[in-house]
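There are 2 protein chains.
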Amino acid sequence: MPQGKPLVVPDDGSTTRQRRNQPLLMVHTGNGKGKSTAAFGLAMRAWNQGWDIGVFQFVKSAKWRIGEQTVLERLALLHEQTGEGGPVEWHKMGSGWSWSRKSGTEADHAADAAEGWAEVKRRIQAERHQLYILDEFTYPMQWGWVDTDDVVETLTRRPGRQHVVVTGRRADPRLVGAADLVTEMQHVKHPMDVGRKGQRGIEW
Amino acid sequence: MPQGKPLVVPDDGSTTRQRRNQPLLMVHTGNGKGKSTAAFGLAMRAWNQGWDIGVFQFVKSAKWRIGEQTVLERLALLHEQTGEGGPVEWHKMGSGWSWSRKSGTEADHAADAAEGWAEVKRRIQAERHQLYILDEFTYPMQWGWVDTDDVVETLTRRPGRQHVVVTGRRADPRLVGAADLVTEMQHVKHPMDVGRKGQRGIEW
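Heads up: the protein sequence lines correspond to chains A and B, in order.
Here our numbering is used: the first residue of the first sequence is 141, the next is one more, and so on.
Here our numbering is used: the first residue of the second sequence is 141, the next is one more, and so on.
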């Protein structure tokens, strides 16, 4: 909430506005629901500000389409047609990333993840987007499919004004250390605990 | 994720589909960021399913407009124009609720909150919406502006297929007890900790 008062005001020679407008590295982690949902909720705010948004879904099957993709792509079309909001690109792993269009082998997820990160890295250097959502990106980091030190260094030294959100369980301490904003979504209770599976409109 | 396996399968005579499609009472609580953002992210999924959505923002000033409101109202307009998605109504407290249009006295927040809850209660009885977002509704409960037992009983006994999300810190144990899905968003790190205030596109 914008009415919030900072706990400390650093004596760093910056104005409040300068500090306020620094680009953020955000992490949504924990074993609870809401990590990706909150990231896509943030994308609505960003769209409304006219920001250029890039979504990169690691891990999720390409066959799987969540409601947020449909909505954000609809908003992207609206931007093209009317100039409202900002542009949105949505890329997902699975049978190949949408920018590469190679026919998927379904086999080498590790290579797919590495290719995905290489592209994100190129875009960060080129300052291509204003908001990056690296959805479920903690898993390729955990599994050694991408180099965590490379990720942390690239994100820490990113040029210009680029906001990044990384989602997924068990965020690496190095990523948490480098982040400006970290929220842990903790599971308290879920319908699956009592034998109820996910449902349309709620889980996707 | 829909691939998830329930921990237990209850022997309650219901099919998986019946259990799956039970309406949910959800709570996003905790001291971290993402409670409301995840609720509005959920609204994108619901819109995509064509659900009727009612958002009720308790506490927030009516002068304050977050990006999600602009986006969801834009999606509501799209629904009216093209039939895509579902309808969305967005109501907020402050200088009067949008359905009542009374001129605000700015004075009696307790009465405003009670009036808001009375309207939500009427709508629940009438099965008016498929998804209710009661944003920051834990505060009027805490402050005794609405009767927590009445809220819990009304939400527990709500008829038909109506999903409800309640957001806010310090959710009452009775509400948590009645809920199907509870996530606690825990604050790990926030720019305000180091003297950086909220910014456009991130906090609103």
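Cβ atoms here follow ideal geometry from the backbone N, Cα and C, with glycine treated the same way.
query, result
"Cutoff 6 angstroms; reference E273 of chain B; Cβ partners in own chain excluding five residues on either side", "The sequence shown places Ile at residue 273 of chain B, rather than the Glu named in the question. The answer, listed in chain order, is A179, V195 and V305."
"Member of A:P313, A:R310, A:I193 and A:Q265 whose CA lies at the smallest distance from the CA of Q209 of chain A", "A:I193"
"Neighbour flag for P280 of chain B against chain A, beta carbons, 8 angstroms", "no"
"Inter-residue Cα distance where the pair is G256 of chain A and V334 of chain A", "37 angstroms"
"Anticipated Cβ contact below 8 angstroms, D312 of chain A with T296 of chain A, distance rounded", "Rounded, the Cβ-Cβ distance is 13 angstroms, inconsistent with contact."
"Opening and closing residue of the beta strand (DSSP E) in which K329 of chain A lies", "L321 to K329"
"Three-state secondary structure assigned by DSSP to V199 of chain A", "coil"
"Own chain partners of A183 of chain A with C-beta closer than 8 angstroms, once the 5 adjacent residues on each side are dropped", "I193, V195, E208, L212, V228, L271 and I273"
"DSSP beta-bridge partners of K232 of chain B", "B:Q197"
"Neighbouring residues, chain B, relative to T296 of chain A (Cβ below 7 angstroms)", "Within chain B, no residue comes near T296 of chain A; the closest Cβ sits about 14 angstroms away, beyond 7 angstroms."
"Per-residue DSSP class, three states only, for D275 of chain B", "strand"
"Residues near V167 of chain A in its chain [Cβ-Cβ closer than 7 angstroms; skip 5 each side]", "V306, A311, L315, V316, A319 and V322"
"Exposure label - P299 of chain B; buried when at least 16 CB within 10 Å", "exposed"
"N-terminal and C-terminal residue of the alpha helix (DSSP H) that V260 of chain A is part of", "H249 to Q265"
"Reduced DSSP secondary structure (H/G/I, E/B, other) of V306 of chain A", "strand"
"Beta carbon of A251 of chain B nearer than 8 angstroms to that of V286 of chain B", "no"
"Residue from B:T169, B:E220 and B:R262 whose Cα sits closest to the Cα of V328 of chain A", "B:T169"
"Listed by chain order, chain A residues near E208 of chain B by CB distance under 7 angstroms", "G181, M184 and R185"
"For V167 of chain B, three-class secondary structure by DSSP", "strand"
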